[in-house]
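Inspection log for the structure reproduced underneath, given as C-alpha cells.
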Amino acid sequence: MRVTTSMLYDTGMRALMERQAEMLRTQTQLSTGRRVLAPADDPVASAQAVGVAQSRDIAAQNLANVEAARTSLVAFESAVADLQQAIVGARDLVLQAGNGSLSDADRRSLAVDLRGRFAEVLEIANRRDGNGRALFAGHREDVRPFADDGTTVAYAGDQGTRSLQVSAARLMPVGASGAALFESIAVGNGRFETAAAPANAGDAMIGTGDVSDSAQLTGHQYRIDFTAGAPAATYDVVDVTLGVTLSSGNPYASGASITVDGQRFAIRGAPATGDSFTLAPASRQSLFATLRDAIELLEAPATSAPARGRLATGLERGLASLDQAAERALALQTRFGASLRELEDLQAANEGIALEYDRQLSGLQDLDYAEAVSRFMRQQQALEAAQKAFREVTRLTLFSLL
Amino acid sequence: MSSSVLSIAVSGLQAAQSGLATTGHNIANVNTPGYSRQAAIQEASPGVFSGTGYYGRGASVATVVRHYDGLLAAQARGAQSAAAHYAAAQAQSAAVDNLLADPAMGLQTALAGFFAGVNTLAAHPGDAAARQSMLSASHSLVARFQSLDAAIAARQQGTDRRLEATVASINALARQVADLNQRIGREAGAGQPPNDLLDRRDAVVRELAKLAGATTAEQSDGALNVYLGNGQALVVGAVASTLQAGADGFDPARRVVGLATGGGFVEFSADTLFGGELGGLLAARRDVLDPARNALGRIAVVLADAFNAQHRLGQDRAGVAGGDFFALAAPRIASAAGNGGTAQLAATFADTGALTGSDYTLTYGAGGWTVKRASDGASQVFAALPATVDGIAIAAVAGVPVPGDRFQLRPTRDGAGALAVRVADPARIAAASPIRTAAAPANQGTGTVSAGTVLAADPDLAQAVTLTFTSAGTFDVAGAGTGNPAGLAYTPGMTVSWNGWEISLDGQPAAGDSFTIGPNLGGTGDNRNALALAALQSARLVGGEATANESYAALVSAVGAATHEAASAAAAQAALAADADQAVQRISGVNLDEEAASLLRFQQAYQAAGRVIQSATVLFDTLLSLGNR
Chain Y
320 MRVTTSMLYD
330 TGMRALMERQ
340 AEMLRTQTQL
350 STGRRVLAPA
360 DDPVASAQAV
370 GVAQSRDIAA
380 QNLANVEAAR
390 TSLVAFESAV
400 ADLQQAIVGA
410 RDLVLQAGNG
420 SLSDADRRSL
430 AVDLRGRFAE
440 VLEIANRRDG
450 NGRALFAGHR
460 EDVRPFADDG
470 TTVAYAGDQG
480 TRSLQVSAAR
490 LMPVGASGAA
500 LFESIAVGNG
510 RFETAAAPAN
520 AGDAMIGTGD
530 VSDSAQLTGH
540 QYRIDFTAGA
550 PAATYDVVDV
560 TLGVTLSSGN
570 PYASGASITV
580 DGQRFAIRGA
590 PATGDSFTLA
600 PASRQSLFAT
610 LRDAIELLEA
620 PATSAPARGR
630 LATGLERGLA
640 SLDQAAERAL
650 ALQTRFGASL
660 RELEDLQAAN
670 EGIALEYDRQ
680 LSGLQDLDYA
690 EAVSRFMRQQ
700 QALEAAQKAF
710 REVTRLTLFS
720 LL
Chain H
222 MSSSVLSIAV
232 SGLQAAQSGL
242 ATTGHNIANV
252 NTPGYSRQAA
262 IQEASPGVFS
272 GTGYYGRGAS
282 VATVVRHYDG
292 LLAAQARGAQ
302 SAAAHYAAAQ
312 AQSAAVDNLL
322 ADPAMGLQTA
332 LAGFFAGVNT
342 LAAHPGDAAA
352 RQSMLSASHS
362 LVARFQSLDA
372 AIAARQQGTD
382 RRLEATVASI
392 NALARQVADL
402 NQRIGREAGA
412 GQPPNDLLDR
422 RDAVVRELAK
432 LAGATTAEQS
442 DGALNVYLGN
452 GQALVVGAVA
462 STLQAGADGF
472 DPARRVVGLA
482 TGGGFVEFSA
492 DTLFGGELGG
502 LLAARRDVLD
512 PARNALGRIA
522 VVLADAFNAQ
532 HRLGQDRAGV
542 AGGDFFALAA
552 PRIASAAGNG
562 GTAQLAATFA
572 DTGALTGSDY
582 TLTYGAGGWT
592 VKRASDGASQ
602 VFAALPATVD
612 GIAIAAVAGV
622 PVPGDRFQLR
632 PTRDGAGALA
642 VRVADPARIA
652 AASPIRTAAA
662 PANQGTGTVS
672 AGTVLAADPD
682 LAQAVTLTFT
692 SAGTFDVAGA
702 GTGNPAGLAY
712 TPGMTVSWNG
722 WEISLDGQPA
732 AGDSFTIGPN
742 LGGTGDNRNA
752 LALAALQSAR
762 LVGGEATANE
772 SYAALVSAVG
782 AATHEAASAA
792 AAQAALAADA
802 DQAVQRISGV
812 NLDEEAASLL
822 RFQQAYQAAG
832 RVIQSATVLF
842 DTLLSLGNR
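The listed protein sequences derive, respectively, from chains Y and H. So the working numbering is basically just the index in the first sequence, starting at one, shifted up by 319. So the working numbering is basically just the index in the second sequence, starting at one, shifted up by 221.
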C-alpha cells in the first residue's frame, strides 16, 4: 500500500481528536454524575426518565397532600374530642339535676354550669384553623358558622366537606361540616320521641323508651289518654295519624312497660284524668337546641306535681338527646381516626413509591462510577499511546538523512 | 557521432531537470489541499537508422501527468457530502435535544411545578397565598413553554440565515467552477492537461459537495457540469446558474432554496436536496425543528384548552363562574403568495384532543377543497367549507377562491409561543364548584346526596332544584330548567342529572324527605374544581392516549432518536469519508520520502548526463588534437 505524508499526519491527528473527544465525554459524565448527557445518548431511557420523573413528582405531591390532610384531620379530631368532653360534662349536669332531693335553687345553679357548657360547645362550633378559617362551616369557611341570637343558634355554613387527593386513587374527606356534627340530631332515642302534654295535671312522666320491633314501626303519631280511677288508672291508645283508638281501658301500672306498634316505653307516677302523652317519629334538632331545652328546664321551678312530671320527662329526653349527639361525635371521631391511620399507611406507601421512582430514575440516568473511572483510565492510556505513536512516526523522514 | 552524444546528453540533462522540477513541485505542494502529485513522463527518443541499426537519440519528456483517479475522487466527494449533511443536521437537532432534557430548561419540571401549585390550591382553596402561588406556577409554566418555543424558533431563524449564507457560498463556488471550466477548455486545447487547474477545479467541486449534494459529469471538451437535486444544472460548461434562498410562498420570513431558471424558481425540498450542509439544514428543519415546535405547541394547546374547559365549570372566590384560565393562539392559516382568488380562510380549534401536530396544505380545485396532512401525506376532499379536520374547524370568511389557490394550515405552530395566563387576580381562580347540595335538616330517612359534579356550563346550572320524596321509592323534582317531573322512581345509588350537574342519591330516604341542589354561595373553602383541575395532570388529554407529560416524553424521545440517528450517521459517514480520502491519497498524495528518493534519482541522472557531456567533450578534444599532430 502506498502511504503518503499527509496520511501519516491526518491519521495521527484524527486518532488524537477521537481519543480526546472520548475522554471529554467520560470527563463530563464523571463531573456531572450522569450517564445520559443528552436524550440523543439514549432516547428511550430519556423518554422513560421524563415519565418516571412525573410519577415521582406525583408521589411527592401526594405526600404533600397527605401532610395537608393530616393537619386538617388533626384539627378536626381535636375539636371533636373537645366536643365529646363538653357533651359528657353536660350529660353529668343533666344527670345530677334528676336527683329528686334538689331544690329549684340547686337546679338553677346547675343551669348556670350548663350555660357554661353551652358556651363551650358554641366556641368549639365556631373554632378556626391555623389560617383563620372556620372549621365547621362546610365550604363557607369565611363566615361565622354558628350565631346565637339568644333563642336559637342558626347555622350559616353549608353541608360541604373538603377532600384531598392523598394517593392516585383515593380522594379522602378531610373534615366534616358543622351540619354533620351539630345539626339535625334525632331527639330522644333516635327513632321516636315521647312527650307529656303541657296541660297535664298529674305528676306522671314518660320515659324515652326504645324500639322493641323495628318491623312494626309505622311512622304514625300516637296519643296515650289517661283516666284516673281505682284501684288503678286506665289508658286508651289512639293512633292520631289514622284517627283510630287502638285499645281502651288498659289498666295502668306505674313503671310498667307499654308497647305500641313496636315502640316500648314506661310511664311513671300518678296521671290525672285527661292527662295525655304523645309518641311521634323522632324529630331533629341541633345540639344547641337540646342544650337550651335542658337549661330552660332546669331554670323553671318544679314545685307543682305537673311541673315535676315535665321535669322528669324533659330530663330523660335531654339525656337521650345528648347521647345521640355524643354518638354523632363518636362516629365522626372514629372516621377521623380511621382516616389518620389510613394516612399513615399512605405516607409509607407514597414514600416507598417515591423511593422506587428515584431508584428507577437513577438507573436510567446515573453513571456507574466504577465503570466510568476504569473507562477513563483506558482512554487515557489510549491517548498517550496515540500521542507517542504520532511523535515517533512523524519524526522519521528521509530528508533528515540527506 | 560526438555531436549526437552531446545532444543525447543534453536531452538527459533536460529530462532530469524536468524530473527535478516536478519533484520540487510535488514537495512544494505537499500541504496543498486537493493537490495530486505529478510526474514527468519520460520517454526514449526514437532512434536514427543506420546500417548497423537504430541509434537512440536520448530522452524526452512526453508530458507531465497527475496521479488521479476520478472514480475514487467522486466517492470521496460523495462521502464528504453525506458527512457534511449529517453533521449539519446533527448540530441543529442536538441544540434542541440538549434543551429538552435539561432539568432547568425542559418542560417536565415546569409541568410538575404547575400541578404542585394546583394541588396546593386544592389543599387551601381559601388561602390567598396558595392562590397566588398557583398563579405564579402557571406563569412559570407559560414562561417555560415560551422559552422552549423561542429556542426552537431561534434555531429555525438560524437555519434561514445559514441557508442564505450557504447559498451565497455555493453560488461563489459554482462561478469558480464555471471560470475554471472555461480556462481548462482553453488550455487543454494546447494538447497538454492543465494538471494544476484540474486539481483546483476538483478542490472547488469538493468544497461545493460539502455545501450541497451535487453530481458531476465531465464533458468531452474537459468541462465539468455540476447538477443539484434531481438533475437541475448548477454549472453547464462556462455558465453557472444562480441558487436562491427565496421567501416561502406561505411565510415570507421563512427561506426556501431553489434555482432561478428563466424567470422561474424551482424549489428544492428536503427530499430532493440530499447531501451537504444545505441538505442537512433542510432535513433537520423538516424532521426535527418544525415537528418539535408543532409538538410543543400541541402540548400547550391541549393542556391549556382542557384546563380552560374545566376552569369554566368552576366558580371563583367571589362566586363568579370561572372564565378561561389560559389564552391560546388560534391555528395559523396563510394563503400562498401567488393565489389568484380572493378567498380568506380562518381556522379554530374544534377538539384539541384530536390535534395531530402536523401541518396541512389546502388546495382549491374543481372538486372542492383538498386538505393534505404533511406528516403522512393523507388527503381529504371537501366539496365546500366549513369543514373539520383533525380537530380543526376551517371556514371561509371572505372572498372567492379560484382553482389552484393554496393555503397552509399550521394548527399548533404558535401554540407554545403565544400561550399566556389570562387570569390576573388570584381571587379569579375557579377553585370551587358552582353548585352545592344539601339534605333538608328535618329529613327522617337515611338518604344522602353526593357533593355533585358539574358536567357543562348550563345557563340553569345554579338554579335551585329540590328533590322531594313522595314515598320511599318515588320523588318529585322542582326547579327552573328541570321541567318539574313528578313521581320518578328511586333506586339507591342512582345518579340524577339536570341543568349541567350530576349528583348521586344513596341510602333510604323517607317520605317527605327532600334534597336541594343550588348555587354555591360563599363557598370559599370549596376545592372541588381545584381537585378536578389537579386531576388533569394524569388525564390522557393528547389524542386520548397520552398525558401532557407523556406527550412531552414522546417529543424528547423523537428528538433524541433523530439526533442519535444523525450523530451515528455523521460518525459513520465521517469514517467513510476518511477512508475514501485515504484511497484518494494513496493514489494522489505526496510522500516526502518518495520525493526525496526521486530527488536523489534525478540528481544522479543529471550528474550522469553531465558526465556524458564531459565524455563528448573529451571525444571532441581528441579529434581536435589529431589535427595538431
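Glycine included, every Cβ here is placed at the ideal spot set by N, Cα and C. Note that the coordinates shown come from a computational prediction; the quantities given were computed from them, not determined experimentally.
I need the straight-line Cα distance from residue 660 of chain Y to residue 398 of chain Y, nearest angstrom please.
18 Å
How many angstroms separate the CA atom of residue 337 of chain H from the CA atom of residue 524 of chain H?
Going by the C-alpha atoms only, they are around 15 Å apart.
Spell out whether any CB of chain Y is found under 8 Å from the CB atom of residue 697 of chain H.
no
Using a Cβ-Cβ cut-off of 6 Å (strictly less than) and excluding sequence neighbours within five positions of residue 811 of chain H, which residues of its own chain qualify?
Closer than 6 Å at Cβ, skipping near neighbours: 247, 251 and 258.
Can you list the residues of chain Y that residue 547 of chain H reaches, using a CB-CB cut of under 9 Å?
None at all; the shortest Cβ gap to chain Y is about 20 Å.
Straight-line CA distance for residue 287 of chain H to residue 475 of chain H?
46 Å
Going by alpha carbons, who is nearest to residue 406 of chain H out of H:428, H:459, H:452 and H:438?
H:459
Once you ignore the five residues that flank residue 563 of chain Y on each side, which residues in its own chain have a CB closer than 8 Å to its CB?
Exclusion of the five residues before and after residue 563 of chain Y leaves 557 as the residues of its chain whose Cβ lies within less than 8 Å of its Cβ.
Looking only at its chain, what residues have a beta carbon closer than 7 Å to the beta carbon of residue 244 of chain H, apart from the 5 residues adjacent to it on each side?
Hits under 7 Å: 816, 819, 820 and 823.
Shorter than 8 Å from the beta carbon of residue 757 of chain H to some beta carbon of chain Y?
no
How is residue 708 of chain Y classed by DSSP in three states: helix, strand or coil?
helix
Looking at the secondary structure, which residues open and close the alpha helix (DSSP H) in which residue 406 of chain Y lies?
362–416
Can you tell me the Cβ-Cβ gap for residue 371 of chain Y and residue 676 of chain Y, rounded? I've got them flagged as a contact below 8 Å.
5 Å
Cβ atoms of residue 581 of chain Y and residue 534 of chain Y: under 8 Å apart, would you say?
yes
Alpha carbon to alpha carbon, how far is residue 402 of chain H from residue 831 of chain H?
Cα to Cα, residue 402 of chain H sits roughly 42 Å from residue 831 of chain H.
Would you list the one or two residues that DSSP bridges to residue 467 of chain H?
In DSSP, residue 467 of chain H forms a bridge with H:477.
List the DSSP bridge partners of residue 524 of chain Y.
DSSP lists Y:587 as partners of residue 524 of chain Y.
Tell me the start and end of each unbroken beta strand (DSSP E) in the region 549–593 of chain H that is at least 3 residues and wholly inside, in chain order.
Listed in chain order, the complete beta strand (DSSP E) runs (minimum 3 residues) inside the region 549–593 of chain H are 553–556, 565–570 and 581–586.
Taking the C-alpha atoms as reference points, what is the distance between residue 516 of chain H and residue 672 of chain H?
Taken atom to atom, the span from the alpha-carbon of residue 516 of chain H to that of residue 672 of chain H is near 38 Å.
Around the Cβ of residue 687 of chain Y, are there at least 16 other Cβ atoms within 10 angstroms (buried) or fewer (exposed)?
exposed
Specify whether the region 759–773 of chain H and the region 676–691 of chain H touch according to this definition: at least 3 beta carbon pairs, one from each stretch, less than 8 Å apart.
Flag = no, the region 759–773 of chain H and the region 676–691 of chain H do not touch.
Which residues in the same chain have their Cβ closer than 7 Å to the Cβ of residue 339 of chain H, if we skip the five residues on either side of it in sequence?
355, 751, 754 and 755
Check the Cβ of residue 482 of chain Y against every Cβ in chain H and list those closer than 7 Å, keeping chain order.
Listed along chain H are 752, each with a C-beta nearer than 7 Å to that of residue 482 of chain Y.
Would you call the CB atoms of residue 575 of chain H and residue 636 of chain H closer than 8 Å?
no
Can you tell me where the beta strand (DSSP E) holding residue 283 of chain H begins and where it ends?
280–287
Please check if any C-beta of chain H sits within less than 8 Å of the C-beta of residue 377 of chain Y.
yes
Identify every run of the alpha helix (DSSP H) within the region 472–553 of chain H, keeping only runs that are complete inside it and at least 4 residues long; order them along the chain.
497–505 and 511–533
At which residues does the beta strand (DSSP E) containing residue 578 of chain Y begin and terminate?
Boundaries of the beta strand (DSSP E) harbouring residue 578 of chain Y: 576–579, taken from the DSSP string.
Give the interface partners of residue 321 of chain Y over in chain H, defined as CB-CB distance under 9 Å, in chain order.
Ordered by position in chain H, the residues that pass the 9 Å Cβ test against residue 321 of chain Y are 806, 807, 808, 810, 812 and 815.
What are the boundary residues of the beta strand (DSSP E) that includes residue 920 of chain H?
Coverage of chain H is limited to positions 222 through 850, which leaves residue 920 of chain H absent and any answer about it impossible.
Can we say the region 487–495 of chain H touches the region 643–656 of chain H, given the rule of at least three CB pairs closer than 8 Å?
no
Drop a sphere of 10 angstroms on the beta-carbon of residue 707 of chain Y, count the other beta-carbons inside from all chains shown, and report buried for 16 or more, exposed for fewer.
The residue in question, residue 707 of chain Y, is exposed, as its Cβ has fewer than 16 Cβ neighbours within 10 Å.
What does residue 591 of chain H touch in chain Y if you count any residue whose Cβ is under 8 Å from its own?
Neighbours of residue 591 of chain H on chain Y: none; closest Cβ ~35 Å, over 8 Å.
Report the three-state DSSP secondary structure of residue 650 of chain H (helix, strand or coil).
Residue 650 of chain H: coil per DSSP, three-state reduction.
Indicate whether at least one CB of chain Y lies closer than 8 Å to the CB of residue 246 of chain H.
no
Report buried or exposed for residue 274 of chain H, applying the criterion of at least 16 other Cβ atoms within 10 angstroms of its Cβ.
Classification of residue 274 of chain H: exposed, given that the 10 Å Cβ count is below 16.
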